[in-house]
Amino acid sequence: MSDGRSIRLWDLPLRLFHWSLVVLLATLWWTAENGRTELHETLGYVTLGLLLFRLYWGLFGSSSARFSQFVKGPRAIGAYLRGQSPVSVGHNPLGALSVLLLLGLMIVEVGLGLFTQDVDGIEAGSLAQYISYETADLAREWHEFLFNVILGVVALHVLAILFYLVVKRDNLVGPMVTGRKSFDEEVESPRMASLANALVGILLSAAIAWFVSKGLKL
Amino acid sequence: MRKSVIVVCSFVLGVVALGPLFAAAPDPAAVQKIVDTRVAKYKQIGKANKAIKDELAQAQPNLANVQANARVIEALAKQIPGWFPHGTGQQPGVNSEARPIIWEQVPTFKQRAAGLAGAAHQVAAVAGTGNLDATKAAVANIGLACKACHDTFREKK
Numbered sequence: 001m002s003d004g005r006s007i008r009l010w011d012l013p014l015r016l017f018h019w020s021l022v023v024l025l026a027t028l029w030w031t032a033e034n035g036r037t038e039l040h041e042t043l044g045y046v047t048l049g050l051l052l053f054r055l056y057w058g059l060f061g062s063s064s065a066r067f068s069q070f071v072k073g074p075r076a077i078g079a080y081l082r083g084q085s086p087v088s089v090g091h092n093p094l095g096a097l098s099v100l101l102l103l104g105l106m107i108v109e110v111g112l113g114l115f116t117q118d119v120d121g122i123e124a125g126s127l128a129q130y131i132s133y134e135t136a137d138l139a140r141e142w143h144e145f146l147f148n149v150i151l152g153v154v155a156l157h158v159l160a161i162l163f164y165l166v167v168k169r170d171n172l173v174g175p176m177v178t179g180r181k182s183f184d185e186e187v188e189s190p191r192m193a194s195l196a197n198a199l200v201g202i203l204l205s206a207a208i209a210w211f212v213s214k215g216l217k218l
Numbered sequence: 001m002r003k004s005v006i007v008v009c010s011f012v013l014g015v016v017a018l019g020p021l022f023a024a025a026p027d028p029a030a031v032q033k034i035v036d037t038r039v040a041k042y043k044q045i046g047k048a049n050k051a052i053k054d055e056l057a058q059a060q061p062n063l064a065n066v067q068a069n070a071r072v073i074e075a076l077a078k079q080i081p082g083w084f085p086h087g088t089g090q091q092p093g094v095n096s097e098a099r100p101i102i103w104e105q106v107p108t109f110k111q112r113a114a115g116l117a118g119a120a121h122q123v124a125a126v127a128g129t130g131n132l133d134a135t136k137a138a139v140a141n142i143g144l145a146c147k148a149c150h151d152t153f154r155e156k157k
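These protein sequence lines are chains A and B, in that order.
Per the working numbering, the very first residue in the first sequence carries number 1; after that it's consecutive.
Per the working numbering, the very first residue in the second sequence carries number 1; after that it's consecutive.
In structure tokens:
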């Protein structure tokens, strides 16, 4: 691999998104388990902002981050599974499903968190004020349940990375850290989005997340 | 007459003999019912607490509503010690978060319950004056009172 051609695969915003999410997932779990509810909520709003940015980046970001580039239909996934698809620069057709699944689950999880209240009716997500006590209780139960589903999918994600590393001799973690990846053959480099574009996305997602954290009130 | 005396005596003897057995091993379903009832009562407190917080989140909070819900909490908080008869703690067949320490430190437990009643009373009083900022400050003490008791006496999930 080392003698291959090295290209820029993952841009900085995408890598920051990925590793922030890893740290946030761990701290969100810890704060929830240890009754640090206020910190948990704050981190939850930060996660909301990150997820919003990922959606923005999936539409307007670098080509390797765009949903339109890596989300493929069942035929492409089948071809990939049979080893008949061209080399994937970035997410392969099967990995795309995992990206969508994790992203979708986390969006729903954060969404539920916004409506979740603690048993005592003391601490609650910013949107719980718009629903009843009973519904906010239900949101908490789903919020707790869905976290375990996310843990399962994360475990699957890590196992898949190990499978690529050990069986397919393809290190996926390195590129997610450095942003660069080597290919044996000539591949087209992804088109990187501009810094200004990233700033627009960051400001936009931060503003929306802040507005939501204030209970949709200015 | 003699016969009925014998019947009554054997009944009394039977109760005296078997009574402790019942006291020692209460029906788990009956205990669970008591647990469920007090959980439902606590949820009423939580619900009133949410109503207060939601009201204060409004652009122009109606302090009369805050006061009414604070009175609900105060009334319920005064009942709390009565929701925990002896023998209704954690035991086989009973699902409860009530720690045994409740019955080991009854005075402290009662004091904490009184703390919530006092905090709620204060909120009702301050809300009555129409002072929004003072009401918000007083409401924070309700949360602290809940926490002060739960940290010691409720099982952590």
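Glycine included, each C-beta is placed from N, C-alpha and C at the ideal position.
Every value quoted in this text rests on a predicted model; they were computed, and no experiment measured them.
Contact annotation: Phe70(A) and Gly90(A) have beta-carbon atoms nearer than 8 Å. Under the three-state reduction of DSSP output, Arg154(B) falls in the strand class.
Leaving aside the five residues that flank Glu97(B) on each side, the residues in its chain whose CB is nearer than 7 Å to its CB run, in chain order, Arg154, Glu155. Sequence-distant Cβ neighbours of Ile7(A) in its own chain, meaning closer than 6 Å and more than five residues away, are Ser189. Here Ala48(B) is near Asn69(B), since their CB atoms are less than 8 Å apart.
Using a Cβ-Cβ cut-off of 7 Å, Asn49(B) is close to Asp120, Gly121, Ile122 of chain A, given in chain order.
For Phe115(A), the closest C-alpha among the options Leu218(A), Val22(A), Lys214(A), Leu14(A) is that of Lys214(A). For Gly215(A), the nearest CB of chain B lies under 8 Å from its own CB, placing it at the interface with that chain. Around Gly46(B), the beta-carbon contacts reaching into chain A at under 9 Å are Gln117, Asp118, Val119, Asp120, Gly121, Ile122, Tyr133, Asp137.
Within chain A, no C-beta atom comes less than 7 Å from the C-beta of Ala98(B); the nearest is roughly 14 Å away. Approximately 6 Å separates the beta-carbon atoms of Thr88(B) and Val35(B); this is inside 8 Å, confirming the contact. A Cβ-Cβ distance of about 6 Å is found for the pair Phe53(A) and Ile202(A), placing them in contact under the 8 Å criterion. Taking CB atoms only, Cys149(B) has no neighbour in chain A less than 8 Å away. At a cut-off of 8 Å between C-beta atoms, Ala57(B) counts as an interface residue with respect to chain A. With a threshold of 8 Å between beta carbons, Gln69(A) makes no contact with chain B.
At a cut-off of 8 Å between beta-carbon atoms, Gln129(A) makes contact with chain B. Beta bridge pairing from DSSP links Ile7(A) with Lys181(A).
The C-beta distance from Ile73(B) to Ala120(B) rounds to 4 Å, short enough to fall under 8 Å.
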